[in-house]
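Participant:
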Amino acid sequence: MPKPTTSLPLALALACALGLASTPALASNTLRVGNQVLTTGDSVMRVVELLGKPSRKFRRRPAPSRRGRGVRVITDADRGEQWQYRRGNHLTTVTIIDGTVGDIDDRRR
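In our numbering, the protein residues as written are 840 to 948.
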């Protein structure tokens, strides 16, 4: 019977690390701004305090239903207002829902 080696766990750990490192951006519930943290649920005042005035504000419109009588599902991101910030080589989009942070999306440009 062959002797088990430790190369399989090492290979799995390496594959997981590469998979995580190759993910460009994910929506998140926190964003580090200097030595402060912006979190979902924070107020609009906190967003302006940490990030300043957004470079762009817009409302996403839900895509129209392809079927005339279909049910349209409206998510929080669809009903909120998106505030975009250009921070260095990052594009940060903060979704504001009812005066609080509903989602944070930080992507490299």
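Just so it is clear, CB atoms sit at the ideal spot from N, CA and C, and this is done for glycine as well.
None of the values given here were measured: they were computed from a predicted structure.
For V933, is the classification buried or exposed, using 16 other Cβ atoms within 10 angstroms of its Cβ as the cut-off for buried?
Facilitator: Burial call: buried.
Participant: By the DSSP assignment, the alpha helix (DSSP H) with R885 in it spans what residues?
Facilitator: Run containing R885: V883 to L890, per the alpha helix (DSSP H) assignment.
Participant: With a CB to CB cut of under 6 Å and the five nearest residues on each side skipped, what residues in its chain are close to L877?
Facilitator: The residues are L870 and L889.
Participant: With respect to the beta strand (DSSP E) encompassing R946, which residues constitute its N-terminal and C-terminal limits?
Facilitator: From DSSP, the beta strand (DSSP E) with R946 extends over T939 to R947.
Participant: If you draw a straight line from the C-alpha of S867 to the C-alpha of G938, how long is it?
Facilitator: Rounded to whole angstroms, S867 to G938 spans 18 Å at the Cα level.
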